[in-house]
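Colleague:
Residue numbers (this note's numbering), protein chains in the order written: chain A, 32 to 147; chain B, 161 to 273.
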């Protein structure tokens with residue numbers, strides 16, 4: 032498909048386990064964003080990549096959260112030693128250019144993470 | 161206090177009604193304003209994008225920005241059951257190097273036949 036693809040769509044983990052969430056952006060898109068969306072809330076920024084460079088990780092809640100995009104395409108968000116408060120939908124978005132507000136961010140359908 | 165405030169609703173209207181959705185914000189540096197629609201278990205999709213103050217119309221949708229009041233609105237005319245979704249406002253400052261968005265909490269809208 033031509034859209035942003037995220038996997039898995041649903042993930043259930045026990046508290047303390049590590050999880051890895053994958054994002055396949057639209058081919059050729061330079062910018063890639065991760066957002067966290069808690070139930071009943073809007074998405075909140077976690078981190079931003081321009082190609083393979085992670086330029087902003089100011090939104091990551093703790094050092095248990097780690098993101099990478101080693102070849103400038105697929106990105107992985109990893110959460111270590113998961114806690115119940117990590118339960119949320121994790122959204123990935125990509126856009127063609129770095130700094131064009133008129134160029135929309137295309138969102139994936141997210142990974143719904145539940146920590147038991 | 162959050163940078164962007166949005167009434168979560170829910171808002172229930174009959175088919176054909178005019179819907180008004182609103183957000184207020186506190187950061188005067190915001191220059192770009194967007195409305196996203198999010199269906200259940202789906203990612204947000206961009207509906208409208210506006211730069212600075214003014215109005216923008218696209219079909220049944222009209223976006224308004226009043227920077228002096230730090231207030232933005234989305235109007236939906238002739239609402240349809242297919243408009244039932246959560247509507248998120250989003251904004252960003254002019255500078256910043258990249259398109260990092262600040263979202264409101266979203267308003268749930270239900271349009272009933």
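A virtual CB, placed ideally from N, CA and C, is assigned to each residue, including glycine.
Quick caveat: nothing in here was measured; it's all calculated off a predicted structure.
#1: In chain order, which beta strand (DSSP E) runs of at least 3 residues are fully inside the segment 209-269 of chain B?
#2: The beta strand (DSSP E) with residue 185(B) in it runs from where to where?
#3: Step through the CB atoms of chain A and report whether any lies within less than 7 Å of the CB of residue 253(B).
#4: For a test of the three-state rule: what should DSSP assign to residue 136(A), helix, strand or coil?
#5: Since residue 200(A) sits in a beta bridge, which residues does DSSP pair it with?
#6: Could you tell me whether any Cβ in chain A is nearer than 7 Å to the Cβ of residue 202(B)?
#7: Is the shortest distance between the beta-carbon of residue 219(B) and the beta-carbons of chain A less than 7 Å?
#8: Measuring alpha carbon to alpha carbon, tell me which of 183(B), 208(B), 263(B), 244(B) ends up nearest residue 135(A).
#9: Would the segment 97-107 of chain A and the segment 66-84 of chain A be scored as touching if the rule is three or more Cβ pairs under 8 Å?
#10: Using CA coordinates, which residue listed in 234(B), 243(B), 213(B), 198(B) is at the minimum distance from residue 183(B)?
#11: In chain A, what lies closer than 9 Å to residue 263(B) by C-beta?
#12: Rounded to whole angstroms, what is the Cα-Cα separation between residue 122(A) and residue 74(A)?
#13: Alpha carbon to alpha carbon, how far is residue 195(B) from residue 163(B)? Give it in angstroms, no decimals.
#14: Name, please, each residue of chain A whose Cβ falls closer than 8 Å to the Cβ of residue 260(B).
#15: What do you reckon, is the C-beta of residue 87(A) under 6 Å from a heavy atom of the ligand ZN?
#16: Measure from the alpha carbon of residue 69(A) to the alpha carbon of each residue in 60(A), 33(A), 92(A), then state which is nearest.
Modeller: Concretely, from the data shown:
#1: 214-218, 221-226, 231-236, 245-253
#2: 179-185
#3: no
#4: coil
#5: Nothing can be reported for residue 200(A): it is not among the residues displayed for chain A, which extend from 32 to 147.
#6: yes
#7: no
#8: 208(B)
#9: yes
#10: 234(B)
#11: 66, 68, 72, 73, 74, 75, 76
#12: 8 Å
#13: 16 Å
#14: 64, 76, 79, 87
#15: Summarising the ligand content, the structure contains no ligands, and the ligand ZN is consequently not present.
#16: 92(A)
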